[in-house]
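Presented below is the structure to which this report refers.
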Amino acid sequence: MNDSTKQALSKVPAVTLGFWVIKILATTLGETGGDTVTMTLNWGYSAGAWLFGGVLVELVVAQIFARRFHPSLYWATIVASTTAGTTMADFADRSLGIGYAGGSSLLFVCLIVTLAVWYWTQGSVSVATVNTPKVEAFYWIAITFSQTLGTALGDWTADDTGLGYDGGAMVFAAGLAVLAALYFWTGLSRVFLFWAAFILTRPLGATVGDFLDKPRSDGGMALSRPIASAVIAVFIIACLLVLPQRAGQHPGQAAAS
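If you're matching positions, the sequence shown starts at 33 in the working numbering and goes up one per residue.
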């Protein structure tokens, strides 16, 4: 493989079924892990947001400066973004009093603006183009907003609509099933479907995580947050070892090879 081909490789993994399995596990871990620090350890939402936000920034910098795709680094950054998203959304919704609906609306606008600026400056928001520092910066900003939006959206669906955690999980799972059907049976934009699915996997993970660790009186199973987080983390590591992990192909790779 020559140098130009190496540069054409994306810095994010190919979007396969394994990608989505690990993504859902990572979003669930983000919920239980964030709640472990802010609630079980009683750090509070502000401290938790600063802690995981700092970890996220460090991992994003490491990801941007990496010369090639590293599965463990990429998924560690995704887990950090989901955990930071959990604590930041909870801080905004509960500590600042914005509320789930207000927080979801604000974060949705932030995500759309990020994607719009990304598209305006780069001509595409496809994850297949993530192979330069500037595009990676847009990618991780969009990822963080989508993860935080997913937390707020999941909490709003589970709490404010009366569906509960199990009902909310079923709603988002059904939404993902619809997106899968559109992917296989229509010609709808793959880029749009990716971002729609990426956003929906976060509230699915949030509601599943809440269902596992919230008290039975609130509709949860009251499982230990640290134990649930550890079990999910083991599943993620097992998936990384078993499921194929390869870099996605940048559109320029075909020309380079």
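Every residue, glycine too, gets a C-beta built ideally from N, C-alpha and C. Predicted model only: the values in this text are computed from it and were never measured.
For Pro258, the enclosing alpha helix (DSSP H) stretches over residues Arg257 to Val274. As summarised for the region 122-157, the continuous alpha helix (DSSP H) elements at least 4 residues long and confined to that stretch are 132-154, given in chain order. Sequence-distant partners of Ile264 (beyond 5 residues in either direction) whose C-beta falls short of 7 angstroms from its own C-beta, in its chain, are Leu57, Thr60, Leu61 and Thr64. Classified as buried, Ser42 has 16 or more neighbouring CB atoms from the shown chains inside 10 Å of its CB.
Pro45 is bridged by DSSP to Ala279.
Taking the C-beta atoms as reference points, Ile268 is found nearer than 8 angstroms to Trp107. With contact defined as three or more Cβ pairs closer than 8 angstroms, the region 231-241 and the region 180-189 are in contact.
Pro165 and Thr218 have their C-alpha atoms spaced approximately 33 angstroms apart. Following the DSSP letters along the chain, one finds Thr70 in no alpha helix (DSSP H), marked with neither H nor E. For Met120, the CB contacts under 6 angstroms within the same chain, skipping 5 residues up- and downstream, are Ala81 and Thr180 in chain order. Note that the C-beta distance between Thr109 and Leu91 is below 8 angstroms. Excluding its 5 nearest sequence neighbours in each direction, Lys55 has C-beta neighbours in its own chain below 6 angstroms: Thr233, listed in chain order.
For Pro165, the enclosing alpha helix (DSSP H) covers residues Pro165 to Asp187. Spanning the alpha carbons of Leu255 and Pro235 requires a straight line of approximately 19 angstroms. By the beta-carbon neighbour count (other beta carbons within 10 angstroms, threshold 16), Phe216 is exposed. Collapsing the DSSP output to three states places Gly199 in a helix. Taken in chain order, the whole alpha helix (DSSP H) runs of length 4 or more contained in the region 72-106 are 77-97. Around the beta-carbon of Ile144, fewer than 16 other beta-carbon atoms lie within 10 Å, marking it exposed.
Non-local beta-carbon contacts of Thr183 in its own chain, meaning distances under 6 angstroms to residues more than five positions away in sequence, involve Gly117, Thr118, Ala121 and Ala238 in chain order. The alpha-carbon separation between Gly280 and Arg248 amounts to approximately 42 angstroms. Inter-residue distance for Glu168 and Leu214 is about 27 angstroms (C-alpha atoms, whole angstroms). Ser104 sits away from Leu88, with the two beta carbons spaced by 8 angstroms or more.
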